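S.K.:
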Amino acid sequence: MPSVLPDTMRVLERGWLSSNNILFLGREQTALVDSG
94 MPSVLPDTMR VLERGWLSSN NILFLGREQT ALVDSG
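Per this note's numbering, residue 94 is the first one in the sequence shown, and the count goes up by one each step.
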């Protein structure tokens with residue numbers, strides 16, 4: 094199944110009781126969003 098997210102975005106799934114993270118990859122900067 095092809096990814097529907099842009100190449101500059103990654104989702105890190107940690108589990109049912111843990112928060113998940115979204116990683117945004119830029120040319121000069123990277124941002125990590127904690128969903129929990």
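No residue lacks a Cβ here, since even glycine has one placed at the ideal position from N, Cα and C. Small disclaimer: the values here were computed from a predicted structure and weren't measured.
Grouping DSSP H, G and I as helix and E and B as strand, with all else coil, what is Arg107?
M.R.: Stepping through the sequence shown from its first residue, residue 107 is reached at position 14. Coil at Arg107, not helix or strand.
S.K.: Measure from the alpha carbon of Arg120 to the alpha carbon of each residue in Ser111, Met102, Leu98 and Ser96, then state which is nearest.
M.R.: Numbered from its first residue, the sequence shown carries residue 120 at position 27. Arg120 has its Cα closest to that of Met102, out of Ser111, Met102, Leu98 and Ser96.
S.K.: Is the beta carbon of Leu125 closer than 7 Å to that of Leu116?
M.R.: Residue numbering aside, residue 116 sits at position 23 when the sequence shown is read from its first letter. Residue numbering aside, residue 125 sits at position 32 when the sequence shown is read from its first letter. Yes, these two residues count as a Cβ contact at 7 Å.
S.K.: In the DSSP assignment, find the unbroken beta strand (DSSP E) run with Val126 in it and report its ends.
M.R.: Locating residue 126 in the sequence shown gives position 33, where the first residue counts as 1. Element bounds for Val126: Thr123 to Asp127.
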